[in-house]
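See structure below.
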Amino acid sequence: MRILLTGGSGFIGSHLAERLLKDNHEVVSIDNLSTGSLENNHKLVKNDLFHHHTSELLSEEGIELLKKEILECDVIYHLAAAVGVFNVVNHPAKTIKENIEITEIILDFAKDKNKKIVLFSTSEVYGKSTKLPFNEDDDIILGPSKYSRWSYAASKLIDEFLGFSYYRQYNLPVVIVRLFNTVGPRQVGHYGMVIPRFVKQALNDEEITIYGTGKQSRCFCNVKDTIEALVALIHNDDCFGQIFNVGSSNEITIEGLAEKIIELTGSNSNITYIPYEEAYSEGFEDMMRRVPDCSKIEEYIGWKPKINLDETIEQVIEYMQI
Ligand code: UDP
1 MRILLTGGSG FIGSHLAERL LKDNHEVVSI DNLSTGSLEN NHKLVKNDLF
51 HHHTSELLSE EGIELLKKEI LECDVIYHLA AAVGVFNVVN HPAKTIKENI
101 EITEIILDFA KDKNKKIVLF STSEVYGKST KLPFNEDDDI ILGPSKYSRW
151 SYAASKLIDE FLGFSYYRQY NLPVVIVRLF NTVGPRQVGH YGMVIPRFVK
201 QALNDEEITI YGTGKQSRCF CNVKDTIEAL VALIHNDDCF GQIFNVGSSN
251 EITIEGLAEK IIELTGSNSN ITYIPYEEAY SEGFEDMMRR VPDCSKIEEY
301 IGWKPKINLD ETIEQVIEYM QI
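Number 19 in my numbering belongs to position 19 of the sequence shown; there are no gaps in the numbering.
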């Protein structure tokens, strides 16, 4: 198949590109390299089946390119989006515009051409819900619109509505995935992601910066596991018109995570606690717990994550030491 990947130079996109090429698919990536990097594709540049375009998807040239590539491809993974809480809080207008407009353009170009599409949403859409674990059919509770953090969830929810509406109105085969915290080599800490930040701090014997009390928890899924789900979903027609959580359900507090990373790196770092207002912005609201219910994806494609957190952290440590 010929597969179009927006955001193929990012953390998740580059792993997905590698995996699809292993199956001998032709992969066309369009990436503006704003948060991704061609370094992430270094293993692929000599592969004749891999094509990269550096382009802004909302520019005139980017839209033309999208139109041409959508016509020629069989499957589209639309991954390109703002990443990380810092990015979202600092560039809220850009985040909303890009999240919604690019998705709409892709769906519109694809609509009468029967292209399979995977749209990426996020566990952020579960917002302030306290009913755990989070199920795809749960009600959504977001914070007030005066706080930028929620704009990411709200714009991704619009993407979900768009995906469902094109599926229903135009029979476009769209599948939507809500990714929970995903980790592994090539993820960078500049935009807030906790594991690469803690590993880097620990390797440098710097203070480990816990935001808030550290009693908040997350479940981290290895990117390699995530990719296996993404690949399997497009091969089962029952998955189209459906939404799936993709993540791990093994929960750890952020304090527990800091201690684990100190131990696994053999670091001399101490832990420091930083108030949220100082770390992000005034009125910042964090989720205390975020646990996915992944029974639906298991039922549809038999997917379950296999790689545990210690192994994942070891992989990140090894990557950062190179
Ligand atoms: N976090 C932290 N220190 C950091 C970066 C993040 O304590 O240097 C916390 C953050 O406030 C959140 C958790 O770690 O409670 C996960 O943050 P991340 O940005 O990785 O993911 P998300 O908030 O989207 O789950």
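Where a beta carbon is used, it is the ideal one built from N, C-alpha and C, also for glycine.
This one's a predicted model, so the numbers in the text were calculated from it and none came from an experiment.
Worksheet item: For Asn-308 versus Asp-205, is the C-beta spacing smaller than 8 Å?
Response: no
Worksheet item: For His-52, which beta-bridge partners are listed by DSSP?
Response: Ser-29
Worksheet item: Can the beta-carbon of Ala-202 be found closer than 8 Å to that of Trp-303?
Response: no
Worksheet entry | Buried or exposed by the 16-neighbour rule on C-beta atoms within 10 Å, applied to Gln-187 | buried
Discussion item. Does the beta-carbon of Gly-192, which I'm using as the reference point, lie nearer than 7 Å to any heavy atom of ligand 1?
Written reply: yes
Worksheet item: Is Gln-216 near ligand 1, in the sense that its beta carbon is under 7 Å from a heavy atom of that ligand?
Response: yes
Practice prompt. Under 8 Å by Cβ, that's how I've got Val-177 and Phe-134 pegged, so tell me the actual separation to the nearest angstrom.
Written response: Actually they are not in contact, since the Cβ atoms of Val-177 and Phe-134 sit about 14 Å apart, beyond 8 Å.
Worksheet item: What does a CB cutoff of less than 7 Å around Lys-156 pick up in its chain, not counting 5 residues either side in sequence?
Response: Asn-99, Ser-121, Thr-122, Glu-124 and Val-125
Item to complete: Let me know if Ile-12 comes out buried or exposed under the rule of 16 or more other beta-carbons within 10 Å of its beta-carbon.
Response: buried
Discussion item. By the DSSP assignment, the alpha helix (DSSP H) with Glu-299 in it spans what residues?
Written reply: 295-301
Discussion item. Can you determine whether any heavy atom of ligand 1 sits closer than 7 Å to the C-beta of Asp-205, and answer yes or no?
Written reply: no
Discussion item. Could you compute how far the alpha carbon of Lys-200 sits from the alpha carbon of Val-85?
Written reply: 18 Å
Fill in: Cβ-based neighbour list, Asn-47, same chain, cut-off 8 Å, excluding 5 preceding and 5 following
Leu-21
Item to complete: Could you tell me if Ile-117 is buried or exposed, where buried requires 16 or more neighbouring beta carbons within 10 angstroms of its beta carbon?
Response: buried
Item to complete: Provide the residue(s) that pair with Lys-215 in DSSP beta bridges, ordered along the chain.
Response: Answer is none; Lys-215 lacks a bridge partner.
Practice prompt. Using 10 angstroms around the beta-carbon of Thr-6, count the other beta-carbons present and answer buried if the total reaches 16, otherwise exposed.
Written response: buried
Practice prompt. Output the distance between the C-alpha atoms of Met-320 and Ala-232, rounded to the nearest integer angstrom.
Written response: 30 Å
Practice prompt. Express the C-alpha separation of Ser-129 and Ile-141 in angstroms, rounding to a whole number.
Written response: 6 Å
Discussion item. Taking 7 Å as the limit between beta carbons, can you name the residues of its chain near Arg-19, skipping five residues before and five after?
Written reply: Ile-227 and Val-231
Fill in: Straight-line gap, Ile-234 to Ile-271 (C-alpha atoms, nearest Å)
43 Å
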